[in-house]
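Mapping the sequence shown onto UniProt numbering, position 187 (from 1) lands on 187, and the numbers just tick up by one. Note that CB positions come from ideal geometry on N, CA and C, so glycine has one too. Small disclaimer: the values here were computed from a predicted structure and weren't measured.
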Amino acid sequence: MGNISIGTPLQWFMVDFDTGSSDLWVRSSHCTSNCTGFRKYNSAASSTYVANGTQFTIVYGSGAFATGFLSIDTLTIDGIAVAHQAFGDCTDVYGMSSDAFDGILGLGYPGATSDGEKLVFYNMWSLSLIPQPIFSFYLNPDPTAASGGELIFGSVDSTKYTGAIVYIPVVIQMYWEFIMTSVQVESTIVTSSAYAVADTGTSLILGPTPSVAAINLALGGTYDSSSGMI
């Protein structure tokens, strides 16, 4: 998660940067459901707001959803100002009241968008706001660290990896889906050709039962039958 701002002057929001979805939405000042304790976008307070009004709804795999209407305003992320960015101005949010974020910024493909509007990352590139059409995530393995990681638009932090970056083809341009042929745990290599999705919006690692069982054995983990997790 990280901070973004929308509008002029800046209105700040904590969002989940999610590669498993494509839309940007935040709670609206008109929000009537599951809104208490969250920051809300107030269009009346922004001089760069442009009304759209098209109905907006996004439903997630968990059953959670957000609904409202589209608005257009300037989005700012770490000094990068994206003018005329469409987003969901949500009046009703279900299934996310216990989450710490005010909204979600999707980084998936246009094919997965709910509203057909141009996505944040694509706007950054088309407006020449970033040097390359890439973004990169670093997830801090230390759960006690002050920073959970970093997201870079247009570049890669070369201090966060060794060797050369290997690029693999995306199977279907809806999600960041690719073919995973094996997983190595120290000296143990688990082979199982399967489709995988890189999804920063979830904290789970899911896989075929035989492959997960083999990884569990290599790690020396314990299987919890009640949750189906190790």
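*asked:* Tell me the rounded alpha-carbon separation between MET180 and ALA51.
replied: If you draw a straight line from the Cα of MET180 to the Cα of ALA51, it comes to about 44 Å.
*Would the beta-carbon of TYR75 fall within 8 Å of that of ASP115?*
A small correction: the amino acid at residue 75 is Leu; Tyr does not occupy that position in the sequence shown. Between LEU75 and ASP115, the CB-CB gap reaches or exceeds 8 Å.
*With distances taken Cα to Cα, identify the nearest neighbour of THR191 among ASP18, CYS35, THR209.*
Comparing Cα-Cα distances from THR191 to each of ASP18, CYS35, THR209, the minimum goes to THR209.
_Beta bridge counterpart(s) of ASP224 as assigned by DSSP_ = Bridge partners of ASP224: MET229.
*Compare the C-alpha of GLY148 against each of ILE134, THR200, ALA83 and name the closest.*
That would be THR200, whose Cα lies nearest to the Cα of GLY148.
*Please report how far the alpha carbon of SER225 lies from the alpha carbon of ASN216, in whole angstroms.*
Cα to Cα, the separation comes out at about 13 Å.
*So which of PRO110, ARG39, VAL120 has the shortest CA-CA distance to ALA86?*
With distances taken between Cα atoms, ALA86 lies closest to VAL120.
*From SER21 to VAL93, what distance separates their C-alpha atoms?*
The alpha-carbon separation between SER21 and VAL93 amounts to approximately 16 Å.
*Give the straight-line distance between the Cα atoms of PRO141 and PHE178, rounded to the nearest whole angstrom.*
Inter-residue distance for PRO141 and PHE178 is about 23 Å (C-alpha atoms, whole angstroms).
*Does the beta-carbon of ASN3 have 16 or more other beta-carbons within 10 angstroms, so that it is buried, or is it exposed?*
ASN3 comes out exposed.
*VAL171 (DSSP reduced to helix, strand or coil)*: Collapsing the DSSP output to three states places VAL171 in coil.
*Taking 7 Å as the cut-off, is the CB of ILE104 close to at least one heavy atom of the ligand ZN?*
Because no ligand of any kind appears in the structure shown, any question about the ligand ZN cannot be addressed here.
_Does the stretch 119-135 come into contact with the stretch 37-44, if we say contact requires no fewer than three beta-carbon pairs (one atom in each stretch) closer than 8 Å?_
These segments do not touch.
_6 Å Cβ shell around THR188 - same chain, five flanking residues per side excluded_ = Correct list, in chain order: ALA218.
*Near SER158, what residues of its chain come up, given a Cβ to Cβ distance below 8 Å and the 5 sequence neighbours on each side ignored?*
Excluding the 5 residues flanking it on each side, SER158 has no same chain C-beta neighbour closer than 8 Å.
*asked:* By alpha-carbon positions, which one of ILE152, MET96, SER126 ends up nearest to ALA83?
replied: Nearest option by C-alpha distance: SER126.
*Residue of ARG27, SER155, ALA213 minimising C-alpha distance to ASP102*: The shortest C-alpha separation from ASP102 is found at ARG27.
*asked:* When you compare the CB positions of ILE230 and GLY220, do they come within less than 8 Å of one another, or not?
replied: Annotated as distal: ILE230 and GLY220, with beta-carbon spacing of 8 Å or more.
*asked:* At 4 residues or longer, what runs of the alpha helix (DSSP H) sit wholly inside the stretch 104-131?
replied: Entirely contained in the stretch 104-131, the alpha helix (DSSP H) runs reaching 4 residues are, in chain order, 120-126.
*In chain order, which continuous runs of the alpha helix (DSSP H) of length 4 or greater are located wholly inside the stretch 33-110?*
Segments of the alpha helix (DSSP H) lying fully in the stretch 33-110: there are none.
_So, with DSSP's three-state summary, where would you put residue 233?_
Outside the shown range of the chain (1 to 230) lies residue 233, about which nothing can therefore be said.
*Leaving aside the five residues before and after THR48 along the sequence, list all residues of the same chain whose C-beta is less than 7 Å from its C-beta, in chain order.*
So the list reads GLY7, THR8, ASP73, THR74, once near-sequence residues are dropped.
_Cβ neighbour criterion (16 or more within 10 Å) applied to GLY108_ = Looking at its Cβ environment, which holds 16 or more other Cβ atoms inside 10 Å, GLY108 is buried.
_Contact belief for residue 268 with CYS31 at Cβ below 8 Å, rounded distance in angstroms_ = Because the chain here runs from 1 to 230, residue 268 falls outside it and cannot be looked at.
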